[in-house]
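K.L.:
Protein chains in written order, with the working numbering: chain A, 1 to 225; chain B, 226 to 462; chain C, 463 to 829.
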Amino acid sequence: MPQRAFLATEPLIRWGWIWDHLEEIRTQTVEHFILTGIAVGIGFAIAMGLSIVALRFRRTYGPVTWVTGVLYTIPSLALFAFLVPYTGLSTLTAEIGLVSYTLLILVRNIVAGIDGVSPAVREAAVGMGYGRARLFLEIELPLALPVIVAGLRIATVTVVGLVTVTSIIGQGGLGLFILDGLRRDFYTPLIVGSVLSVALAVVIDVALAGLEWLLSPWSRARTAG
Amino acid sequence: MDLLADVLAWFTDPDNWQGSAGIPNRTLEHMRLSALATAVAAAVAVPSGVLLGHSGRGGLIAVAVVNIGRAIPSFAIIALALPFSIRAGLGIGFWPTFLALVLLALPPIFTNSFTAVRSVGAEVVEAARGMGMREREVLFGIELPLGGPLILTGIRVAAVQVVATATLGALVGWGGLGRYIIDGFSVQDNVRVFAGALLVAALAILTDVVFGVMERILFAAAGLRGRRAPARMEHPA
Amino acid sequence: MSEARIRLDHVTKRYPGASTAAVEDLVMEMPAGRVTALVGPSGCGKTTILKMINRIIEPTSGRIEVGGRDIQELDPHALRRGIGYVIQQVGLFPHRTVDENIATVPKLLGWDRRRTERRIEELIEVVGLEPEMRDRYPAELSGGQQQRVGVARALAADPPVLLMDEPFAAVDPIVRVRLQEELRSLQAQLQKTIVFVTHDIDEAIKLGDQVAILDVGGVLRQYASPEEVLRQPANAFVEEFLGKERGLRRLSLIAVRDVPLEDGPVVPSDAGPAEAREVMAREGVNWVAVVRDGQLRGWVWESELEPGRKMGDLAVRPFLVRVTADNTLREALDAIVTSHNQVAVVYDGDRYAGMLTLNRISENLVP
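#1: Quick one: what's got a C-beta closer than 7 angstroms to residue 841 of chain C's C-beta in the same chain, skipping five residues either side?
#2: Listed from N- to C-terminal order along the chain, which residues in the segment 464-488 of chain C have their beta-carbon within a distance smaller than 7 angstroms of any beta-carbon of chain A?
#3: Consider the Cβ of residue 38 of chain A: report whether some Cβ of chain B lies at a distance smaller than 8 angstroms.
#4: Buried or exposed, going by whether 16 or more other CB atoms sit within 10 Å of the CB of residue 332 of chain B?
#5: So is residue 470 of chain C buried or exposed if we call it buried at 16+ other beta carbons inside 10 Å?
#6: If you check the beta carbons only, do residue 278 of chain B and residue 347 of chain B fall under 8 angstroms apart?
#7: Leaving out the 5 sequence neighbours to the left and right, which residues in its chain are closer than 8 angstroms to residue 827 of chain C when beta-carbon positions are compared?
#8: Please classify residue 462 of chain B as buried or exposed, where buried requires at least 16 other C-beta atoms within 10 Å of its C-beta.
#9: Does any C-beta atom of chain A lie closer than 8 angstroms to the C-beta of residue 415 of chain B?
#10: If I measure Cβ to Cβ from residue 60 of chain A and keep anything under 8 angstroms in the same chain, skipping five residues before and after, which residues do I get?
#11: Do the CB positions of residue 680 of chain C and residue 485 of chain C come within less than 8 angstroms of each other?
#12: Contact between the segment 500-516 of chain C and the segment 549-565 of chain C: three or more CB pairs below 8 angstroms?
#13: Which residues, taken in chain order from the segment 421-442 of chain B, show a beta carbon closer than 8 angstroms to some beta carbon of chain A?
#14: Among A/101, A/84, A/133 and A/11, which residue has its Cα nearest to the Cα of residue 171 of chain A?
#15: Taking 8 angstroms as the CB-CB limit, is residue 116 of chain A close to chain C?
#16: As a quick exercise: from C/661, C/588 and C/565, pick the residue whose alpha carbon is nearest that of residue 578 of chain C.
#17: Answer yes or no: does any C-beta atom of chain C fall closer than 8 angstroms to that of residue 213 of chain A?
#18: DSSP three-state call for residue 670 of chain C: helix, strand or coil?
#19: When we look at the beta-carbon of residue 203 of chain A and count the other beta-carbons within 10 Å, is it buried (16 or more) or exposed?
#20: Run down chain B in chain order and give the residues with a C-beta less than 9 angstroms from the C-beta of residue 205 of chain A.
#21: Judging by CA-CA distance, which residue of C/631, C/621 and C/651 is the nearest neighbour of residue 608 of chain C?
#22: Anything in the segment 573-586 of chain C with a Cβ closer than 7 angstroms to a Cβ of chain A? List those residues in chain order, please.
#23: Give me the Cβ distance between residue 384 of chain B and residue 263 of chain B, rounded to the nearest whole Å; I'm assuming they're in contact under 8 angstroms.
#24: I believe residue 323 of chain B touches residue 377 of chain B by the beta-carbon criterion, under 8 angstroms. Please report the beta-carbon distance rounded to the nearest angstrom.
#25: Looking at the unbroken alpha helix (DSSP H) that takes in residue 509 of chain C, where does it start and where does it end?
#26: Would you say the segment 671-688 of chain C touches the segment 750-770 of chain C, given that touching needs at least three Cβ pairs under 8 angstroms?
#27: For residue 547 of chain C, which residues does DSSP report across the bridge?
#28: Ends of the alpha helix (DSSP H) at residue 569 of chain C?
#29: Roughly how many angstroms lie between the CA atoms of residue 39 of chain A and residue 537 of chain C, to the nearest whole one?
#30: Using a C-beta cutoff of 8 angstroms, does residue 82 of chain A count as contacting chain B?
#31: Any beta-carbon of chain C closer than 8 angstroms to the one on residue 120 of chain A?
#32: From this set, B/393, B/337 and B/381, which residue's C-alpha is nearest residue 73 of chain A's C-alpha?
#33: Is there a Cβ from chain A that is less than 8 angstroms from the Cβ of residue 377 of chain B?
#34: Using a Cβ-Cβ distance under 8 angstroms, would residue 810 of chain C count as near chain A?
#35: Between C/516, C/540, C/726 and C/588, which lies nearest to residue 624 of chain C when the distance is taken from Cα to Cα?
#36: Under the rule that 16 or more other beta-carbon atoms within 10 Å means buried, what is residue 575 of chain C, buried or exposed?
Printed below as a string of structure tokens:
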């Protein structure tokens with residue numbers, strides 16, 4: 001555990017360390033990014049499946065939300081701790097935990113997005129002869145995209161934060177630096193890890209906002225007088 | 226299974242219920258700090274959020290606060306709190322954990338308080354003002370009662386987050402239920418890790434449920450039955 | 463499907479838990495190539511009936527035939543692709559351009575791109591849109607333009623049947639009149655079987671070849687041509703639904719050209735005051751109109767006649783309101799009521815064709 005006297009004199013950042021460890025910092029940032037990407041990707045796929053079921057069988061929405069809600073409420077460290085005895089100190093453990101956190105927000109937003117499609121549009125589409133599947137893929141999903149991407153943004157930023165915790169169960173990412181700093185009473189990696197994880201979250205958030213903008217040209221079009 | 230049997234044994238071992246490392250002590254420690262941090266954050270965020278919402282301005286600030294709050298990982302906040310706490314002469318353990326938790330709790334409470342007041346229909350407020358109600362009366366007589374449930378939601382979200390993040394306090398020298406998990410990891414005591422996880426998960430869920438019940442009562446009292454509970458602020462630990 | 467007649471055979475729709483049926487045992491035939499207007503108070507089931515034709519609502523019992531085929535035998539999606547459907551809020555797909563919206567059903571049917579492109583060009587012209595609008599998104603269009611796109615979209619695959627559910631209710635009155643007139647001329651060209659639901663009796667009379675007046679529960683109170691409904695309302699319900707201006711409404715169904723015109727009190731410009739007085743006495747009025755070379759120059763009051771001066775030399779008052787052969791008697795009546803001399807002057811192009819008086823108009827009202 002950290003020694004009080006030592007820490008009081010330790011400088012906040014030792015630039016030399018950063019310089020020496022650039023390669024490792026780069027590696028862990030990439031690792032962090034990859035862990036996030038996998039979690040959000042799988043989470044989205046599962047959430048989409050759950051949402052389709054919930055939209056088709058309305059009564060399942062409550063239970064689905066309840067289960068994903070409980071998963072969301074369980075502190076991340078605890079969730080990882082539950083998994084470790086069964087799946088070990090592995091990437092699988094980390095990913096299972098991370099995916100669980102994305103489910104609630106993604107299911108909520110996918111369902112809300114689809115529900116938000118104007119009834120007139122749906123009626124016109126059905127009246128013109130759209131079958132269920134094509135209606136979903138060509139009409140409802142594209143129109144729900146803004147809300148869905150908003151959910152993706154939130155989920156992704158959340159996961160970026162959680163990946164830092166996976167360092168405690170031996171995974172990679174920027175959390176390693178934070179943990180390292182805490183264990184060795186060394187501020188520099190602690191600060192580097194923290195700042196970079198925030199920066200990564202912000203960058204991804206902005207990028208996804210841009211994606212949202214790109215994907216919905218119709219909402220950019222201005223209304224006629 | 227083996228592990229679960231051992232965990233059960235751990236819970237029934239009377240030694241684990243005694244002393245500073247015992248379940249009651251750690252649990253209380255955890256709850257106390259969580260409650261304190263949430264209360265302090267609420268004391269700051271509710272008035273400021275409500276006042277800003279009442280003034281009708283500052284929508285951008287509220288959005289920015291949420292986004293920033295979301296982007297900063299809780300682990301990072303606790304870790305960063307350490308050097309600053311030490312520099313300020315506050316040492317390790319309680320203070321960095323406490324400060325970090327307060328910071329974490331501020332955004333959801335602030336934003337929800339802001340939105341709560343803002344979302345009281347403009348027509349209602351206008352009617353009130355038109356009837357000659359003074360600003361203070363509008364605030365306390367209309368906006369707070371109608372917005373109360375949403376403010377409580379913000380506090381709930383914050384409280385759950387705080388309880389969850391407090392587990393990481395063990396990494397900066399504090400106690401609480403996270404101790405079981407962290408210490409358990411370092412000595413590879415799977416039983417302790419699992420037991421600690423169970424305790425902390427239970428506490429988090431309990432907090433959510435208790436607040437949820439309070440919210441529902443308040444929602445009904447405000448005659449807002451049927452109004453859907455708003456989306457939570459997303460920021461687990 | 464050229465014979466696109468629609469038949470409803472003892473059709474009933476009952477919603478679970480409702481005490482009365484939305485539509486009770488309806489028997490009705492909508493002729494091919496004609497506009498059938500369904501009109502009635504809310505709750506009369508007119509929209510329900512419409513939606514049963516394309517199976518958006520399924521009938522509880524009874525049989526519906528479109529073009530001789532029982533619609534229950536068809537796959538509902540295939541059925542709908544063969545029927546145009548226009549609703550009040552239009553429901554244009556916000557994420558697709560005008561072009562893409564119109565191309566919807568052709569795409570669903572698998573048309574090749576060239577055929578679709580040609581069809582869209584045709585339709586854009588037919589519904590009165592400009593080609594530049596094709597790449598715009600619905601949010602950039604006005605209400606009237608959106609509804610036009612909606613109609614084009616419904617007509618894209620050239621279905622024999624068009625279902626319209628209060629399509630013009632959501633646009634402002636000026637645009638609505640334009641859209642109604644455009645629909646009329648469209649129909650004159652295309653001759654689709656159109657079922658048109660409206661709550662506005664004037665719209666039903668204006669657009670319908672047949673008007674079905676429905677009472678609550680889908681009960682058919684009268685089903686006949688607009689003229690007949692107005693002339694001989696079948697029962698008290700219909701009478702009340704038509705309201706007090708029944709006579710005036712009938713006038714809007716008759717064109718000026720269908721009515722024999724009168725010469726009116728007219729003198730040539732080289733006539734003198736004596737001749738003018740004779741004409742005025744004969745016609746029983748105190749004013750006279752002056753004509754030269756087939757052109758109506760204007761009119762004067764009797765008191766303005768000057769001895770010794772020819773009619774052509776007098777300062778005449780112009781006829782401010784003119785009516786053409788295409789106008790309705792109702793419009794002529796409006797002209798009469800707003801003029802000093804209480805006639806409607808009818809012009810055929812620039813030539814004076816005759817006059818209409820109140821008498822002549824009311825003659826046409828008597829059954």
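Ideal Cβ placement from N, Cα and C applies to all residues, glycine included.
P.N.:
On the basis of the coordinates in this document:
#1: Outside the modelled stretch of chain C, which goes from 463 to 829, sits residue 841 of chain C, for which no answer is possible.
#2: Within the segment 464-488 of chain C, no residue qualifies.
#3: no
#4: buried
#5: Buried is the call here.
#6: no
#7: 709, 712 and 713
#8: Low local confidence applies: a pLDDT of 48 at residue 462 of chain B is under 50, so the model's placement there is unreliable, with the coordinate-based value given in what follows. Classification of residue 462 of chain B: buried, given that the 10 Å Cβ count is 16 or more.
#9: yes
#10: 53 and 54
#11: yes
#12: no
#13: 421, 422, 423, 425, 426, 429, 430 and 433
#14: A/84
#15: no
#16: C/565
#17: Among the CB atoms of chain C, none fall inside 8 angstroms of the CB of residue 213 of chain A.
#18: Residue 670 of chain C falls in the coil class under three-state DSSP.
#19: Exposed, since its Cβ has fewer than 16 Cβ neighbours within 10 Å.
#20: By Cβ distance, chain B contributes 292, 295 and 296.
#21: C/631
#22: Cβ contacts with chain A: none found.
#23: 5 angstroms
#24: Not really, about 23 angstroms apart at Cβ, beyond 8 angstroms.
#25: 508-515
#26: no
#27: Looking at the DSSP assignment, residue 547 of chain C forms a beta bridge with C/625.
#28: 566-571
#29: A direct Cα-Cα distance of roughly 42 angstroms separates residue 39 of chain A from residue 537 of chain C.
#30: yes
#31: yes
#32: B/381
#33: Interface with chain A (8 angstroms Cβ-Cβ cutoff): residue 377 of chain B is excluded.
#34: no
#35: C/516
#36: exposed
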